[in-house]
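Residue numbers (the UniProt record's numbering): 1 to 135.
Reading through the structure tokens given below for one structure.
Okay, structure coming up:
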């Protein structure tokens with residue numbers, strides 16, 4: 001089962017992304033574990049406290065304290081999460097700033113069902129491939 005984190009300081013944006021993911025689940029007959037976080041600090045605390053490993057993180061960049069980019073940098077430094085797929089869902093115009101943390105994709109906020117479906121297709125295919133290699 002894929003574990004997905006959604007981190008955005010705006011509840012409406014988090015709920016919209018989760019709704020897109022649930023529609024994908026329904027179409028594909030799948031079930032993901034989805035967690036929502038209102039800040040980068042909350043996400044990082046959850047990861048360090050409970051050791052949860054996320055397969056995919058959707059990060060907003062413009063948050064109150066830690067930005068999505070700063071959060072992503074800390075995630076990349078974490079041994080357990082260094083290979084996590086990161087997608088920035090942002091209204092920022094400068095996508096080049098995100099390349100340093102090697103995101104899977106950068107999506108213009110609020111995103112679309114089609115863009116989220118494509119991302120989930122990629123992550124799911126990679127997840128299945130990696131699981132087959134470890135068997």
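Note that CB positions come from ideal geometry on N, CA and C, so glycine has one too.
All figures in this text were calculated on a predicted structure; none of them were measured in a lab.
Check	Outcome
Quick check on residue 56: buried or exposed, where buried means 16 or more other Cβ atoms within 10 Å of its Cβ?	buried
Restricting to runs no shorter than 3 residues, where is the beta strand (DSSP E) found entirely within the UniProt domain "Response regulatory" (3-124)?	3-7, 33-37, 56-59, 85-90 and 105-108
State whether the region 10-30 contacts the region 65-75, with contact taken as three or more CB pairs (one from each stretch) at a distance under 8 Å.	no
Between the Cα of residue 91 and the Cα atoms of 10, 4 and 47, which residue gives the shortest distance?	10
Should residue 44 go down as buried or exposed, given a rule of 16 or more other Cβ atoms within 10 Å for buried?	buried
With 16 as the cutoff for other CB atoms within 10 Å, does residue 100 come out buried or exposed?	exposed
Compute the beta-carbon to beta-carbon distance between residue 32 and residue 21, rounded to the nearest angstrom, for a pair I have assumed lies under 8 Å.	6 Å
Less than 7 Å between the beta carbons of residue 59 and residue 7, yes or no?	yes
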